[in-house]
Each structure stands twice: as C-alpha cells, then as structure tokens.
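One structure is given here, and the rest of the page talks about it.
2 protein chains.
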Amino acid sequence: MGVAEAVTSGGSLGRSAQVAHALRRDIVLGTRAPGEALRELELAQQFNVAQGTIREALMGLAEEGLVRRRARRDTHVAPSNTDDVGELLRIRHDIECHAARRVIERCDDTLLADLGLQLQAMQFAALQEDEYSLLEHDCRFHLRLFAAAALPVVEPILSRCLVHTQRYKILNSAPQSRDLTATANRHLSILDAVRDADEGALATALSHHITTIVDFGPPLGPAAGRGTQA
Amino acid sequence: MGVAEAVTSGGSLGRSAQVAHALRRDIVLGTRAPGEALRELELAQQFNVAQGTIREALMGLAEEGLVRRRARRDTHVAPSNTDDVGELLRIRHDIECHAARRVIERCDDTLLADLGLQLQAMQFAALQEDEYSLLEHDCRFHLRLFAAAALPVVEPILSRCLVHTQRYKILNSAPQSRDLTATANRHLSILDAVRDADEGALATALSHHITTIVDFGPPLGPAAGRGTQA
DNA sequence: AATAGACTGATTATCGATAACGAGACACAG
DNA sequence: CTGTGTCTCGTTATCGATAATCAGTCTATT
Chain A
16 MGVAEAVTSG GSLGRSAQVA HALRRDIVLG TRAPGEALRE LELAQQFNVA
66 QGTIREALMG LAEEGLVRRR ARRDTHVAPS NTDDVGELLR IRHDIECHAA
116 RRVIERCDDT LLADLGLQLQ AMQFAALQED EYSLLEHDCR FHLRLFAAAA
166 LPVVEPILSR CLVHTQRYKI LNSAPQSRDL TATANRHLSI LDAVRDADEG
216 ALATALSHHI TTIVDFGPPL GPAAGRGTQA
Chain B
16 MGVAEAVTSG GSLGRSAQVA HALRRDIVLG TRAPGEALRE LELAQQFNVA
66 QGTIREALMG LAEEGLVRRR ARRDTHVAPS NTDDVGELLR IRHDIECHAA
116 RRVIERCDDT LLADLGLQLQ AMQFAALQED EYSLLEHDCR FHLRLFAAAA
166 LPVVEPILSR CLVHTQRYKI LNSAPQSRDL TATANRHLSI LDAVRDADEG
216 ALATALSHHI TTIVDFGPPL GPAAGRGTQA
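Here it is as structure tokens:
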C-alpha cells in the first residue's frame, strides 16, 4: 500500500476532509484494493493527524459505501460488486433523467457557466492524463446540473451512484482502453441541451450518456476478477 | 426542546449509536422541529457523553440527511421538503419493485420468519399506540426484504428513502388521522406474495403499498401530482 | 481427543481539553 | 448617516491518552 502524503494544513476545508479526499482517491483508483485493511492508528501516523481525524474521514467514506466498518473489529476497503453497480446505474438514470424537467424550469444563468467550467476542467485533465481529476470534475458536472433541480436530499444519493459507477469503471477496465478526451467531450450534448433549454433533448442526452458509461458486455467475461493486487 | 435522557451504557451498540438513535427518533417524530439548533456541547451535557460522541452521532444523522451541518458554523435539524420526498418516494418505488425478482430468486427460509417477526412487532406497536416503534419495524421489514436482493450498496439509499418518507408523513398529517393497526396490516399482502414466491404479486403488492403511503392530496396544496410513472 | 473456559493481542470507541475558525457586534473614520 | 476594519464570542475541529470490546488462541478439565 501507498506511502500516504502527510496532510499539512493545506486547503480551506478541514483535515479530516482532506484525508477523506485522499483516501477516496486511492480507493476509486484502485491504489487501495478492495478488502485492504484500514487501521485508524496506522493511517493517523501516515497522514500525521490524530486518530479521531482519521476516524471521521473513515466514517464519511463508510457512509459513501467505499469502506466497510465493523464495529470494534476492523475497517477495510469495500468490494465493488457488479450487481450493485448495475442497480446504481439504473437509479442514477432514473434520477438524472427525471430531473431534466426541473432543471430546465429552474435553470439560472450561473448554471451554464458552472457547467462550462467543469467541462473545461475535464478537458484539461484529459490532456494531462489525470484520470482522477477528470472523474472528479465529471462528478461535479453532474452534481451541479442536478443541483439546479433543487432536490437537496436526493443529491447524496446521486453522489453515491456517481462515485460507485466511476470506481467500477476504473477497477474493471484496462487503463489504455479509456479515452479521456472522449469521456470529457461526451458531456457536450448535455451542455448543448441546457443551453437550448430543451427539456426533451436534455433527458435524451442524459439517458444516452448514462447508458453508455459502462459496457457491461465485454469487460466482465474474461479477466474481470478483482484481486488485482498491485 | 426536550430534556434528553442521559445515556447510561445501555445497549450493546456504542454510545454514539444510542445518541443517534434518540436524536433520530426526536427528529422523525417532530419533537425536534426542523430548523432547531443542535449544539454539540449542549447535547453532550444533556446525554452525559463527550462532545466527540455527540459529534459522531450528528455526522451520522447528517449523512442520513436528517440534520444539516455547516462547518464551523452550526448544526440544525433539516427541513422536510415536499419535492424531495416525492422524488425519494419515486426512487423507493423503483428500487423496491425492481428488487422483487431478485428477492424471490434468492429467498431463503429465514426471510419469511424475519418478516413475520417484524410484522408481529408492528402489530404490537400499533396496539401500544407507539408510532415510532411501528415506524422502526416498518423500516426493518422493508430493509430485511430488500436485503434478500443482495445489493448491499443500494441498501443505504433505500434506508434514506424510508426514513425521509416516514418523517414527512409524521410531520404533515394529524396524529389522529393515522390508523396504526391498518398501517401494520398493510404489509400482509407483501408477506403473502413472498410466501407464495410470486414475483409478479410481490412487485404489485410493493407498488401499491408504496404509492399509497402518503396521500399528497388533502394535506398539501393543489398540485401534488407525482408522475404516474411505471 | 474434545470441549469449555479464560487469556492475550489488536482495534475501535470514548473522553476532556485545547486550537482554529467564522459570524456578528462594535467602534471609528469618512 | 454610511461604509470599513477590528474584536469578541460562540461553535466546531483537532488532539493525545485511556477505556472498552472482540476474535482468535491457548490451556485445563473431562
């Protein structure tokens, strides 16, 4: 497992949030493999923070479903299950497409600007070959779009769907088979639909976008086996 | 606000879980009204535990969407929004009905027993006029049923839908208008469908059950029309 | 040899105190 | 009277140490 970067009072968000961010990155990218143990004191030493801070980060990740905590026993990286992801993708499709109407109805001028910014960031990340950065902005793109629907309680659900979908994609496909720039540009049709304030087009674009994220066909058959120990 | 019961090393689960349970109860029942401030030190004194313990409980509730935390600012009871609940109900409908097939396929012998137990507990709670207990077992009934679908990552999503749905119902209808025994017995048709291992009947029973949980008609304004999707 | 019981090592859960942070009040200058 | 900068207060975030608990092991008894 990786040598963790000590957190040194960097960003404006709290230390536990920074730790959670770093761990999330490792888990989504597969640097920390499913099943890997996460001991609080060990992580505290690695990140140079107190155990309680690690604890909070782990609790957050547990709520996201990325780690599994068994009370007073252990904490480890959660597995990535195909059936689960399929269902999450279905739910995501349902939520995002259904929100299209509300989004168009409530679309304000900052929405388009924010989406454009995220798209730009995605394209930049693609050029840099920084896949995780791309994924992050992908997430933000969809969450920002959904935020316009003004359904705050549903947002965390969508967020969970997004994260798990992305993790599954990373864990179950060969790195060279993923064209980052293409992934970024796949959001163009969504942006266009929002620009045109075309509810139907937005729903269609989202539906197509989501259904083509993961091809459940080819990659699962042969070497889909997890246990891709580093 | 209520005088909190000091937690005295009661159950087998940790103190923070007990605190979270108590707070969840108060919030769902409306004893702690939406918008009410929740100060960590104050609660720590009321429950006779350390601030950190309260903190964990609040973080858990925040992830459930029952409280809203603004970093370094404050923590308060989350509002209960009609639009959100409508959407959550839609998602819940989608998840539970779609799981019917998997549930029947993987139904093992303990499922029926567990569901029967929960139903009994609901009926008992109804007789006692203990609405929260009824709600809890209602939750467990549905979660136990869904657990048979073996989609662990989706479970927390369903859980969130259940909790918010129930809270909304409590907060937006007169207590005397709710027939507890009828609510409990409404699960009979679901149990029957599982007993018969009839996938179609289960999906139908669940669909009817969920769509008739909240009548968005009378108590709310005019257009409460949730899409008659399906 | 098999079983029941207690011990040990490892891990999480809790605590009490201190630090960091943001918002609003307040005084002051323009 | 208005705008700006500072200051204090309330609240959350972090820390380091200690307590509680569990799983697996090891032993003693039958």
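Each protein sequence line maps, in turn, to chains A and B.
Add 15 to a position in the first sequence, counting from 1, and you land on the number used in the working numbering.
Add 15 to a position in the second sequence, counting from 1, and you land on the number used in the working numbering.
Don't be surprised by glycine CBs; every beta carbon is placed ideally from N, CA and C.
Predicted model, so just to flag it, every value in this text is computed and none were measured.
If you check the CB distance, Ala93(A) and Arg83(A) come in under 8 Å. Closer than 8 Å to the CB of Arg175(B) there is at least one CB belonging to chain A. Between Glu102(B) and Leu166(A), the C-beta spacing is below 8 Å.
By alpha-carbon distance to Leu104(B), the top candidate from Arg193(B), Arg159(B) and Arg175(B) is Arg175(B).
By the neighbour-count criterion, in which a residue is buried when 16 or more other Cβ atoms sit within 10 angstroms of its Cβ, Gln133(A) is buried.
Judged by DSSP in its simplified three-state form, Thr46(B) adopts coil rather than helix or strand. For Gly215(A), no chain B residue has a C-beta closer than 7 Å to its own C-beta; the minimum C-beta separation is roughly 15 Å. A residue is called buried once 16 or more other Cβ atoms fall within 10 Å of its Cβ, and Leu130(B) is buried on that count. As a beta-bridge residue in DSSP terms, His91(A) pairs with Ala52(A) and Arg83(A). For Asp129(B), the three-state secondary structure derived from DSSP is helix. The beta carbon of Leu44(A) sits closer than 8 Å to the beta carbons of Glu146, Tyr147 and Ile185 from its chain, once the five residues preceding and following it are set aside; these are given in chain order. Among the CB atoms of chain A, none fall inside 8 Å of the CB of Leu38(B). For Ser148(A), the secondary structure class from DSSP, reduced to helix, strand or coil, is helix. For Ile106(A), the uninterrupted alpha helix (DSSP H) run begins and ends at Thr97 to Arg121, by DSSP. Ala59(B) and Thr46(B) have their C-alpha atoms spaced approximately 18 Å apart. Your pair Leu160(B) and Arg107(B) does not check out as a contact, with CB atoms roughly 12 Å apart and the cut at 8 Å. In the structure shown, Pro167(A) falls within a coil segment according to DSSP collapsed to helix, strand and coil.
DSSP places Gly215(A) in the uninterrupted alpha helix (DSSP H) bounded by Glu214 to Thr226. Contact between the stretch 186-201 of chain B and the stretch 108-124 of chain B is absent: fewer than three C-beta pairs spanning the two stretches fall below 8 Å. Against chain A, a Cβ distance below 9 Å from Met74(B) picks out Glu71, Met74, Gly75 and Glu78.
Using a 10 angstroms sphere on the CB of Leu203(B), the tally of other CB atoms stays under 16, which defines it as exposed. Going by C-alpha positions, Leu177(B) is about 16 Å away from Val168(B). Along the stretch 177-188 of chain B, going in chain order, the ones with a CB nearer than 8 Å to a CB of chain A are His179. When secondary structure is reduced to three states using DSSP, Ser188(A) falls in the coil class, being assigned neither helix nor strand.
For Gly50(B), none of the residues of chain A pass the 7 Å Cβ criterion, the least Cβ distance being about 14 Å. When Leu56(B), Ala48(B), Met74(B) and Arg39(B) are compared, the shortest CA-CA separation from Ser31(A) is found for Met74(B). With a beta-carbon spacing of about 16 Å, Ile69(B) and Glu79(B) fall beyond the 8 Å limit used to define contacts. Residues of chain A whose Cβ lies closer than 7 Å to the Cβ of Glu102(B) are, in chain order, Leu166 and Val169.
Residue environment analysis places Ser95(A) among the buried positions, since at least 16 neighbouring C-beta atoms fall within 10 angstroms of its C-beta.
A straight-line Cα-Cα distance of about 9 Å links Ala208(B) and Thr219(B).
With respect to chain B, the C-beta atom of Ala86(A) has a partner C-beta closer than 8 Å.
Assignment of Asn63(A) by DSSP, reduced to helix, strand and coil, places it in the coil class. Going by DSSP, Arg210(B) is part of the alpha helix (DSSP H) stretching over Leu203 to Arg210. The Cβ atoms of Thr196(B) and Val229(B) lie no closer than 8 Å to each other. Ranked by how close their Cα comes to the Cα of Ala77(B), the residues Leu53(B), Ala65(B), Phe62(B) and Gln66(B) have Leu53(B) in first place.
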